[in-house]
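*Asks:*
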Ligand SMILES: [Zn+2]
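Residue numbers (the numbering used here): 23 to 142.
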């Protein structure tokens, strides 16, 4: 059995680590094609966007500030370097972060609260 968090971050099934977690770039597959685990409960919502905003925002803002202070380039150089780099970093983090969040939900058996969850 694979580590569900590493498998999810790699875009693999959090149960078996073999099948694919995604159908497209970010669309979660209905089920694992290797072991049949269903991902219908998986809904990462805004979770990945929050973490990516914080992580990429920190990296890009401080990187651009360091660049500006250390080398004092013209403003167009900052825009040409840091805007595309930000897009690349954000798109690069999206899939691993969503996979990680879906895998965390799967591993922790997270789901919507139902009637059975209410204490009687
Ligand atoms: Zn699987």
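All C-beta atoms, glycine included, are put in the ideal place defined by N, C-alpha and C.
Computed from a predicted model, the values in this text were never measured in an experiment.
Quick one: what's got a C-beta closer than 7 Å to residue 73's C-beta in the same chain, skipping five residues either side?
*Replies:* Residue numbering aside, residue 73 sits at position 51 when the chain shown is read from its first letter. Around residue 73: 119.
*Asks:* Taking all protein chains shown into account, decide if residue 128 is buried (16 or more other Cβ within 10 angstroms of its Cβ) or exposed.
*Replies:* Sequence index remark: in the chain shown, residue 128 carries index 106 (1-based). Buried.
*Asks:* Mind pulling the alpha helix (DSSP H) runs of 4 or more residues that sit fully within the stretch 60-114?
*Replies:* List check, alpha helix (DSSP H) in window: 69-93.
*Asks:* Judging by CA-CA distance, which residue of 27, 29 and 33 is the nearest neighbour of residue 117?
*Replies:* Within the chain shown, the letter at position 95 stands for residue 117. Residue 117 has its Cα closest to that of 33, out of 27, 29 and 33.
*Asks:* Can the beta-carbon of residue 40 be found less than 7 Å from the beta-carbon of residue 56?
*Replies:* Locating residue 40 in the chain shown gives position 18, counting from the first residue. Locating residue 56 in the chain shown gives position 34, counting from the first residue. Yes, the pair counts as a contact, with Cβ atoms nearer than the cut-off.
*Asks:* Would you kindly work out how many angstroms separate the C-alpha atoms of residue 64 and residue 121, rounded to a whole number?
*Replies:* In the chain shown, counting from the first residue as 1, residue 64 sits at position 42. In the chain shown, counting from the first residue as 1, residue 121 sits at position 99. Looking at the two C-alpha atoms, the distance is approximately 10 Å.
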